[in-house]
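Here's the structure, in structure tokens; my notes come after.
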Amino acid sequence: MAESQAPTAAAGKAEPNHAVRIASIWLVLAIVADLLIYFVWQPHLPPGRMSDNARGQQFDITVMAVLCAPVLLGVWTYFGYALVNWRRRAGDTEDGPPIEGNGKVQAAWITVTSLIVLSLAAFGTYELIVPAGAGGGEGPVPIWKPSGVVTTAAWTPGSTHTLVVQAIGQQWNWTYRFPQFGGMETTGLELPINTPVEFHVTSLDVIHSFWAYQLGVKADANPGVDNVAFVKPLQLGQFVVRCNELCGIWHGAMFDYGNVVTASQFQSWATSIQTKERANGTLAALPPYATTYDPTEISQLGQAWAKLGIVGAGGYYYPGPQTGTPGDPVSP
Amino acid sequence: MAIEIEPEKAQGPSGPVHAAPGNSKPWWARPAVHTGLIGAVIGYIIGHWLGNLISPATAGVSSFSTGLSDVRNWPLVLGYVFGTIGWLAGLGVFNDLGRLMLGKPLPDAEHAPAGGVAKYFRYTLDHKVVGIQYLFGMTTYFLTGGLFAMAIRTELLSPTYHVLNASQYLMVVGEHSTMMMMMMSSVVLGPFGQFFAPLMIGSKRMAFPRIEALAFWLTPAAYVILLSGILLGGFPTGWTGYEPLATQAGPGMDTYALAFGLMGISLILAGFNLIVTYINYRAPGMRWSRLPMFVWSMFTVSFLQVLSVPVLVAGLYMMLMDRTAQTAFFTNQLGGSSYLWEDVFWFFGHPEVYILALPGFGVVSEIIPVFTRKPLFGYRVAAAGMIGVSLLSFFVWQHHLFDSGINPDMRPLFMLTTELISIPTGFIYLVAAGTFWKAKITFSVPMLFAIAMYFNFLIGGVSGVFLSDVPADVTEHGSFFVMAHFHYTIMGGLIFAFMAGIYYWLPKMLGVKMNEKLGKWHFWTMFITFNSTFLPLFALGMMGMPRRVFEYQRNLQTLNDWVSISSYLLGVSLLIFLINLIMSTLVWRVKESGNPWRSRGLEWQVSSPPPPENFERVPVVLSHPYLYGVKDAPPVADLNPPVGVVASAYASAGLEA
């Protein structure tokens, strides 16, 4: 390849130093953009600051933005400058300067992009491992766990013990089981503040994905698979739970709201439901708490629920043999 | 090396044409689209009957997904399979095969003598005819998919459902996404790849003209089968076809598997044909270091297709078996795995998105040297970038599964490979930046589209960096952010490059110019409305709106309405394009026979449209196609080498001519 002289050196004597001009414009824009992103935009960036994961993700998104803004601005500045300054004048049929390559520029480009990319990968790995999976699903046997937390058979407020919550996806809603409260099952989700929570996400039918947006938790719910994710809520308030994996016709309507409450509020909420479910026989009818469930057995449970007047989507906890046209909600 | 170097020997599709046996028949008795349709109907009836015959045997088998759809699947699936075979048979795809088996002589010409318009509706073996067929086919498929997109946006005008019900909405989402992802894989590779593969390497023909034509004629079958899903209630899975939802779904799901499978076979055949053509049919002097960038992109994409698409076809076959023969590849309770589909699908699916991206790089790299009047900067870097992207694209697929719980300890590795792929992708920008340096830029319509492609793809690429970071991906995964990201790379990249290609190459393909004024209107409206449609989607995704939902938070309505209205305007812009394309090619027909862009490309050295054999004699390539402004640069090729000069050169080097 014909290596011509460096573009900057190729500039004629009357011509301004394009490289310096472009670099100066870029530097000013990049510094302003990065300062704005870091100090002005960061507190408003999603997913907010409700949990340790959310804060970690917000920081990651900020770092990405701080790194990417100069790249975007660099390309835009360069091409904008080129399009304004290096257009063909009317009547000019000459060709441009025959620059077929430039070893220094190419080497510099490759070095800089490689450095950015490798540092991003190192940063991302650190941000994934240290916060114990950063809220993403880690499979049945998580290898990155929060340090220093203890899981006990019962959970009491005031302790730093982990609260275990199982999120069960089914067409088309979420239910939650609490093994530390007798395996009781609820349709709503409340979480105590400042408490490490261990989500076990599974599904009874197709693939769903448990996405607690403000908590920064996202874990796919696969049938027959236990998918673990960790979070520690740090602010009181409401959060949205959405299904994030296309799971059939009512996927769009598969969302509800959860609340982060104080530890004592949570304790009274959980024990009251546990008491109620014990009294009306729900706890006895539920299958024993397990990390996964076989839906072919749960159709028996569905009958028990229906007998109790507690029904899920379309009338059954889990649809039996379908009778309607495919895709219709099954009616009892 | 099997390089055809004898100029005297007729090897082109329209060599010495002898009266083919069928040519004396009237037009309606010769195989064409109408006989294909008759064959399809007959085939469907046979397949349907056969399916009914065997389905009672499995109707009683109960599985996790037992439902009424199971007993209806055999007749439907076999009907479509036999219908497709009937369609191809009716088109005459198997005629030459039959002649060979019966020991009869083949018609000498590889296609019927160049007729008028009729040749575009037949199984024609001329790569130039196939290219035009692809051009109009792909435009139709693209605009159909676009109509579905506008239906999606209509539903999303309101945060609750108001126009389409939940099941219709998913049907429209599935049709739009599958139409775009599977058909648009050939949007550049079909029209321009097939038309220009021989022209750019100085060959008179493709390696396998029959396979090439077959690859095209599978696409209308895939298109019709996919659309027929509407009559069957659609399919609820989107283009990703996730299991076990796909096993649970109604008969519309079969149309997804069959249509995608047929299109997959088409891609494998087309890619295979291009690889063989590029390796074996380059003209003398067309070294690898002189290959046009567009050929490099087609070459690398072809490898991606040949290596990755079979994985998809195998997966779809397993899906169909699960749905008909009651196997359980993807049913967890019966020993299968829902992860298996995710793995198989994305092992194809990620190379697939580069199948969609690389042709765009090729087109714009071909166009910018012409309109900057400068050599392509860093030719080797550009080629290395394409090879690097295609290699790495096989090592990143699990970034689609970061939150799925599969191989969680591998996430740092896939994060690294995903981020690494931005290095070779960045080469494309280095090449463009170097080429624009002190250039003499002409803002023609193709150049405008090429510049817009660089603009859009940059946003798509940078948003991909956000997605590659696992912690950030926990928020962005599966949201509208991802949607915006890949629309910026595919629509903003590939489709803008496709438009650049049409405005650039249509004078070459058809000998007529596109109207420039309408072209500029088309460009500016499309560029503005495209960005106005897709830029807000990044924000929507970040604010927590998942993909493929018909309900969303009320506070997101303003942005969604803005996007919907922009999408209608984008539709208007594409209407301008359609009017321009139809009027320019069919009505106005402003002739353009020379080299309007003063391009050095080998394809521009012959007349427009190219003569039937492309080159009178196999040219001898003398130099690089991008030597703009180089003093005393030799012409790109000697189109009329003295008879025997090549053969004697080979002989003196001790090679067999």
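Protein chains in written order, with our numbering: chain Y, 1 to 332; chain Z, 1001 to 1657.
The C-beta atom is built at its ideal place from N, Cα and C for all residues, glycine as well.
Computed from a predicted model, the values in this text were never measured in an experiment.
(request) Using a Cβ cut-off of 8 angstroms, pull out every chain Z residue sitting near ASN102/Y, in sequence order please. (result) Sequence index remark: in the first sequence, residue 102/Y carries index 102 (1-based). Here the neighbours are PHE1377, GLY1378 and GLY1434.
(message) Going by DSSP, what residue range makes up the alpha helix (DSSP H) through TYR176/Y?
(response) Here residue 176/Y refers to the residue found at position 176 of the first sequence. Counting along the chain, TYR176/Y falls outside any alpha helix (DSSP H), though it belongs to the beta strand (DSSP E) covering 173–178.
(request) With a threshold of 16 other CB atoms inside 10 Å of the CB of ARG1287/Z, please say whether the residue is buried or exposed. (result) Numbered from 1 along the second sequence, position 287 holds the residue referred to as residue 1287/Z. By the 10 Å Cβ count, ARG1287/Z comes out exposed.
(request) Would you please verify whether the beta carbon of MET1286/Z is less than 8 angstroms from any beta carbon of chain Y? (result) Numbered from 1 along the second sequence, position 286 holds the residue referred to as residue 1286/Z. For MET1286/Z, the answer is no, since every Cβ of chain Y falls outside 8 angstroms of its Cβ.
(request) Please go through the same chain and pick out, in chain order, the residues whose beta-carbon is closer than 6 angstroms to the beta-carbon of PRO233/Y, but skip the five residues on each side of it. (result) Residue 233/Y sits at position 233 when you count from the first residue of the first sequence. Hits under 6 angstroms: SER51, LEU191, ILE193 and VAL260.
(request) Out of SER1599/Z, PRO1641/Z and TYR1552/Z, point me to the one whose CA is closest to MET1447/Z's CA. (result) Working through the second sequence from its first residue, we reach residue 1447/Z at position 447. Out of SER1599/Z, PRO1641/Z and TYR1552/Z, SER1599/Z has the C-alpha closest to the C-alpha of MET1447/Z.
(request) Establish whether the CB of SER1338/Z and some CB of chain Y are separated by less than 8 angstroms. (result) Walking along the second sequence from the start, residue 1338/Z turns up at place 338. It does; some Cβ of chain Y falls within 8 angstroms.
(request) Check whether the region 1626–1635 of chain Z touches the region 1401–1415 of chain Z, taking contact to mean three or more Cβ pairs, one atom from each stretch, closer than 8 angstroms. (result) The region 1626–1635 of chain Z vs the region 1401–1415 of chain Z: no contact.
(request) Tell me whether the beta-carbon of PRO1191/Z lies closer than 8 angstroms to the beta-carbon of TYR1134/Z. (result) Mapped onto the second sequence, residue 1191/Z falls at position 191. Mapped onto the second sequence, residue 1134/Z falls at position 134. Yes, the pair counts as a contact, with Cβ atoms nearer than the cut-off.
(message) Threshold first: 4 residues or longer. Then list the alpha helix (DSSP H) segments lying entirely within the region 1217–1267 of chain Z, N to C.
(response) Entirely contained in the region 1217–1267 of chain Z, the alpha helix (DSSP H) runs reaching 4 residues are, in chain order, 1245–1248.
(message) On a Cα-Cα basis, can you pick out the residue from TYR1141/Z, ARG1323/Z, LEU1164/Z and PHE1208/Z that is closest to ILE1152/Z?
(response) As a first step, residue 1152/Z is located in the second sequence; it is residue number 152 there, counting from the start. Considering only alpha carbons, the answer is LEU1164/Z.
(request) Could you check the C-alpha separation between LEU1316/Z and GLY248/Y for me, to the nearest Å? (result) Mapped onto the second sequence, residue 1316/Z falls at position 316. Mapped onto the first sequence, residue 248/Y falls at position 248. For LEU1316/Z and GLY248/Y, the distance between alpha carbons rounds to 19 angstroms.
(message) For the alpha helix (DSSP H) containing ILE1368/Z, name the first residue and the last one.
(response) Here the question's residue 1368/Z lines up with position 368 in the second sequence. Counting along the chain, the alpha helix (DSSP H) containing ILE1368/Z begins and ends at 1338–1372.
(message) Using CA atoms only, rank isn't needed, just tell me which of LEU1556/Z, VAL1465/Z and LEU1622/Z is closest to LEU72/Y.
(response) Stepping through the first sequence from its first residue, residue 72/Y is reached at position 72. Checking every option, the nearest Cα to that of LEU72/Y belongs to VAL1465/Z.
(request) Give a yes or no on whether the C-beta atoms belonging to VAL1188/Z and PHE1498/Z are separated by under 8 angstroms. (result) On the second sequence, residue 1188/Z is found 188 positions in, with the first residue counted as 1. On the second sequence, residue 1498/Z is found 498 positions in, with the first residue counted as 1. A distance below 8 angstroms separates the beta carbons of VAL1188/Z and PHE1498/Z.
(message) Between VAL1033/Z, TRP1074/Z, ARG1205/Z and LEU1537/Z, which has its C-alpha nearest LYS1128/Z's C-alpha?
(response) In the second sequence, counting from the first residue as 1, residue 1128/Z sits at position 128. Closest by alpha carbon: ARG1205/Z.
(request) Note down, in chain order, each residue of its chain lying with its Cβ closer than 6 angstroms to the Cβ of ALA132/Y, except the 5 sequence neighbours on either side. (result) Translated into the one-based positions of the first sequence, residue 132/Y becomes position 132. Around ALA132/Y: TRP144, LYS145, PRO146 and PHE230.
(request) Report back the beta-carbon spacing between PHE1329/Z and MET1318/Z to the nearest angstrom; my notes put them in contact at under 8 angstroms. (result) On the second sequence, residue 1329/Z is found 329 positions in, with the first residue counted as 1. On the second sequence, residue 1318/Z is found 318 positions in, with the first residue counted as 1. About 4 angstroms separates the beta carbon of PHE1329/Z from that of MET1318/Z, a gap short enough to meet the 8 angstroms contact definition.
(message) Check whether chain Y comes within 8 angstroms of TRP1437/Z, counting only Cβ atoms and requiring the distance to be less than that.
(response) As a first step, residue 1437/Z is located in the second sequence; it is residue number 437 there, counting from the start. So yes, TRP1437/Z belongs to the interface.
(request) Assign ILE1428/Z to one of three DSSP states: helix, strand, or coil. (result) Along the second sequence, one-based indexing puts residue 1428/Z at 428. DSSP places ILE1428/Z within a helical segment (H, G or I) once states are collapsed to three.
(request) Give the secondary structure of LEU189/Y by DSSP, where H, G and I count as helix, E and B as strand, and everything else as coil. (result) Here residue 189/Y refers to the residue found at position 189 when the first sequence is read from its first residue. LEU189/Y: strand per DSSP, three-state reduction.
(request) Take the Cβ of GLY1461/Z as the centre, count every other Cβ of all protein chains shown within 10 Å, and call the residue buried at 16 or more, exposed below. (result) For this step, residue 1461/Z is matched to residue 461 along the second sequence. GLY1461/Z counts as buried, since no fewer than 16 other beta carbons sit within 10 angstroms of its beta carbon.
(request) Determine the chain Z residues that contact THR125/Y at a beta-carbon separation under 7 angstroms, and present them in chain order. (result) Position 125 of the first sequence, counted from the start, is the residue given in the question as residue 125/Y. Those within 7 angstroms of THR125/Y in chain Z are PRO1412 and MET1415.
(message) Let's see if you can read the secondary structure: which residues bound the beta strand (DSSP E) around GLN166/Y?
(response) For this step, residue 166/Y is matched to residue 166 along the first sequence. Residues 163–170.
(message) So ASP294/Y contacts chain Z; which residues on that side make the cut at Cβ distance below 7 angstroms?
(response) Taking the first residue of the first sequence as 1, we reach residue 294/Y at position 294. Correct list: GLN1333.
(request) Could you check the C-alpha separation between ALA212/Y and GLY136/Y for me, to the nearest Å? (result) As a working note, residue 212/Y is residue 212 in the first sequence. As a working note, residue 136/Y is residue 136 in the first sequence. C-alpha of ALA212/Y to C-alpha of GLY136/Y: approximately 11 angstroms in a straight line.
(request) Establish whether the CB of ASP256/Y and some CB of chain Z are separated by less than 8 angstroms. (result) In the first sequence, counting from the first residue as 1, residue 256/Y sits at position 256. It does not; no Cβ of chain Z falls within 8 angstroms.
(request) Give me the Cα-Cα distance between ILE1421/Z and ILE1367/Z, rounded to the nearest whole angstrom. (result) Position 421 of the second sequence, counted from the first residue, corresponds to residue 1421/Z. Position 367 of the second sequence, counted from the first residue, corresponds to residue 1367/Z. One C-alpha to the other measures close to 24 angstroms.
(request) Round the Cβ separation of MET1453/Z and SER1365/Z to the nearest angstrom and send it over; I've been treating them as touching at under 8 angstroms. (result) Residue numbering aside, residue 1453/Z sits at position 453 when the second sequence is read from its first letter. Residue numbering aside, residue 1365/Z sits at position 365 when the second sequence is read from its first letter. Not quite, the Cβ-Cβ distance comes to about 10 angstroms (not below 8 angstroms), so this is no contact.
(message) Would VAL206/Y and LEU1245/Z qualify as a contact pair, given that the criterion is a beta-carbon distance under 8 angstroms?
(response) The count along the first sequence starts at 1 and reaches residue 206/Y at position 206. The count along the second sequence starts at 1 and reaches residue 1245/Z at position 245. Cβ distance < 8 angstroms, so VAL206/Y and LEU1245/Z count as in contact.
(request) Going by CA-CA distance only, name the one from THR62/Y, MET184/Y and TRP269/Y that's closest to ALA284/Y. (result) Within the first sequence, the letter at position 284 stands for residue 284/Y. Nearest of THR62/Y, MET184/Y and TRP269/Y to ALA284/Y, Cα basis: MET184/Y.
(request) Identify the contact partners of VAL1630/Z in chain Y, using a Cβ-Cβ distance below 7 angstroms as the criterion. (result) Taking the second sequence and counting its residues from 1, the one referred to as residue 1630/Z is at position 630. Result: PRO98.
(request) Flag this pair as yes or no: are the beta carbons of VAL1470/Z and ALA263/Y separated by less than 8 angstroms? (result) Along the second sequence, one-based indexing puts residue 1470/Z at 470. Along the first sequence, one-based indexing puts residue 263/Y at 263. Taking 8 angstroms as the cut-off, the beta carbon of VAL1470/Z is found no closer than this to the beta carbon of ALA263/Y.
(request) Using a Cβ-Cβ cut-off of less than 7 angstroms, list which residues of the region 1536–1547 of chain Z approach chain Y; keep chain order. (result) So the close ones are MET1542, MET1543, GLY1544 and PRO1546.
(message) Is there a Cβ of chain Y sitting closer than 8 angstroms to that of ARG1466/Z, yes or no?
(response) As a position in the second sequence, residue 1466/Z is number 466, starting the count at 1. What sits at residue 1466/Z in the sequence shown is Phe, not Arg. At a cut-off of 8 angstroms between C-beta atoms, PHE1466/Z counts as an interface residue with respect to chain Y.
(message) Quick check on the burial criterion: 16 or more other C-beta atoms within 10 angstroms. Buried or exposed for SER119/Y?
(response) Reading the first sequence from its first residue, position 119 is the one you call residue 119/Y. SER119/Y is exposed by the Cβ-count criterion.
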